[in-house]
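S.K.: I'd like to ask you about the structure that follows.
Residue numbers (our numbering): 656 to 1034.
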């Protein structure tokens, strides 16, 4: 009886998904704007793409403003897709989204895998040390034999390893590296200047040290096959440059620097308020009250509700499929001729003999490489 009840729920849920897809297709036929799906790791933090402290459901940041301006130029709606920073490029191969924009440096190894737009931002790597150490540590040669933190998979990590003799510690989050520096587990952190500016520039315990290191060029990543989209995005970025919108966005977030002035050949002085940057710094310095925490956590309730519904639906569908598939395999194992029994045994040993995480990784990332693409839900 329970089996038939679960099967009924599974059928209803699958029908809901199909109706949702039909509704979406109908919207496209009715002439609604196409959607530009863009990926970024909102957990990476400011100033790229991060949750508004006043409204956790809203994303803000200079790259959020740039992608919105590009979508507006293209006559498209924009939709954010969350993904971890080191999984942004693999997600393109899976067709989980159309573009990725999250402080992705244009490098030769990445250009072999994906196509990049024209640069929308140029910056440099910045050393950060504890307050009082800025005179002793001014360049990489001062860090030989010392632990230095950086973001995993970044250009800064490659620079540190190429320097030789430095004990490189990598982190998934930039904020964690600065915390480790504050408590003395690191002697320095090397990360892109925008991150240093937002998380260390205002912190009395930390200091920006030395001269700019290297050159970091950000671009929007997309699949190599999406040449039409690449041309459209490049045209939109060029228009943002020509009209001054790109500079206005960068000024708003205090991101305008001498490299961008040289790149855009725009040495003029601007009076655009740096409101985005100032609001962020004020929020970081402000001591939160009980009600601040209360309103922040309450703001996450809709997200938790959505996640709960998705988890319940996924559980119903997966359990129903598992019961049906398990019953069929058991029947094959017991009542069918030898060839079919052997196939059932091979399947059972293969599934039971390999870790579930490896199976999921294979389904989600490996199958798309050979042309078998499955949506994240069904994967």
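The C-beta atom is built at its ideal place from N, Cα and C for all residues, glycine as well.
These figures come from a predicted structure and were not determined experimentally.
In this structure, does DSSP put residue 871 in helix, strand or coil?
M.R.: strand
S.K.: Buried or exposed, going by whether 16 or more other CB atoms sit within 10 Å of the CB of residue 930?
M.R.: Under this definition residue 930 is an exposed residue.
S.K.: How about the region 982 to 994 and the region 961 to 974: do they share at least three Cβ pairs that are nearer than 8 Å?
M.R.: no
S.K.: Note down the Cα distance separating residue 809 from residue 981, rounded to an integer number of angstroms.
M.R.: 45 Å
S.K.: Three or more C-beta pairs closer than 8 Å, one from the region 788 to 807 and one from the region 768 to 777: is that the case here?
M.R.: Verdict: no, contact absent.
S.K.: Just to confirm my understanding: we take residue 689, look at its own chain, exclude 5 residues before and 5 after, and list those with CB closer than 6 Å. What are they?
M.R.: 731
S.K.: Classify residue 829 as helix, strand or coil using the three-state DSSP reduction.
M.R.: Looking at residue 829 - three-state DSSP - the assignment turns out to be helix.
S.K.: Per DSSP, which one or two residues make a beta bridge with residue 707?
M.R.: The partner list for residue 707 (beta bridge, DSSP) reads 710.
S.K.: DSSP on residue 955, reduced to helix/strand/coil?
M.R.: coil
S.K.: Mind checking residue 849: buried by the 16 CB within 10 Å criterion, or exposed?
M.R.: buried
S.K.: Spatial neighbours of residue 954 within its chain, please: C-beta separation below 8 Å, excluding the five flanking residues on both sides.
M.R.: 710, 711, 712
S.K.: Would you call the region 840 to 860 and the region 790 to 804 touching, i.e. three or more CB-CB distances under 8 Å?
M.R.: yes
S.K.: Entirely within the region 854 to 915 and at least 3 residues each: give me those beta strand (DSSP E) ranges in chain order.
M.R.: Within the region 854 to 915, the complete beta strand (DSSP E) runs of at least 3 residues are 861 to 873.
S.K.: In the DSSP assignment, what residue or residues form a beta bridge with residue 824?
M.R.: 804
S.K.: Mind checking which residues open and close the alpha helix (DSSP H) that includes residue 779?
M.R.: Here residue 779 belongs to no alpha helix (DSSP H); instead the beta strand (DSSP E) covers 776 to 785.
S.K.: With a threshold of 8 Å on Cβ separation, who are the neighbours of residue 814 within its own chain once the five nearest residues in sequence on each side are excluded?
M.R.: 780, 795, 845, 868, 869
S.K.: Thinking C-alpha only, which one of 923, 883, 1012 is nearest residue 902?
M.R.: 923
S.K.: Would residue 881 pass as a contact of residue 753 if the rule is Cβ separation under 9 Å?
M.R.: yes
S.K.: Assuming residue 919 contacts residue 896 under a Cβ cut-off of 8 Å, what Cβ separation, rounded to an integer in Å, is found between them?
M.R.: 6 Å
S.K.: Nearest-angstrom Cα distance between residue 827 and residue 738?
M.R.: 13 Å
S.K.: Looking only at its chain, what residues have a beta carbon closer than 8 Å to the beta carbon of residue 757, apart from the 5 residues adjacent to it on each side?
M.R.: 694, 695, 696, 699, 703, 704, 718, 740, 743
S.K.: Taking the alpha-carbon positions, what's the residue 729 to residue 875 distance?
M.R.: Straight across, the Cα-Cα distance linking residue 729 with residue 875 is about 15 Å.
S.K.: Quick one: is the Cβ of residue 896 within less than 8 Å of any heavy atom of the ligand PLP?
M.R.: Only the bare structure without any ligand can be found here, which leaves the ligand PLP out of the picture.
S.K.: The alpha helix (DSSP H) that contains residue 812, what's its start and end?
M.R.: 810 to 818
S.K.: For residue 657, does the three-state DSSP call read helix, strand or coil?
M.R.: Model confidence at residue 657 stands at a pLDDT of 45, short of 50, so the residue's coordinates are unreliable; what they give is reported in the following sentence. Residue state, collapsed to three classes: helix.
S.K.: Pick out whichever of 873, 839, 900 has its Cα sitting closest to the Cα of residue 766.
M.R.: 873
S.K.: Going by beta carbon distance, what residues of the same chain come within less than 6 Å of residue 759, once the five residues before and after it are set aside?
M.R.: 876
S.K.: Checking 9 Å against the spacing of the C-beta atoms, do residue 836 and residue 784 come in under that value?
M.R.: Cβ distance < 9 Å, so residue 836 and residue 784 count as in contact.
S.K.: With which residues is residue 754 paired in a DSSP beta bridge?
M.R.: 693, 877
S.K.: For residue 747 versus residue 722, is the C-beta distance shorter than 9 Å?
M.R.: no
S.K.: Go ahead and label residue 892 buried or exposed: buried means 16 or more other beta carbons lie within 10 angstroms of its beta carbon, across all protein chains shown.
M.R.: buried
S.K.: DSSP state of residue 1026, grouped into three classes?
M.R.: coil
S.K.: In or out: residue 976 buried (at least 16 other Cβ within 10 Å) or exposed?
M.R.: exposed
S.K.: Could you tell me the alpha carbon to alpha carbon distance between residue 889 and residue 928, rounded to whole angstroms?
M.R.: 27 Å
S.K.: Less than 9 Å between the beta carbons of residue 782 and residue 865, yes or no?
M.R.: Going by C-beta atoms, residue 782 is nearer than 9 Å to residue 865.
S.K.: Going by DSSP, what residue range makes up the alpha helix (DSSP H) through residue 1044?
M.R.: For residue 1044 there is no data in the structure shown, the boundaries of the chain being 656 and 1034.
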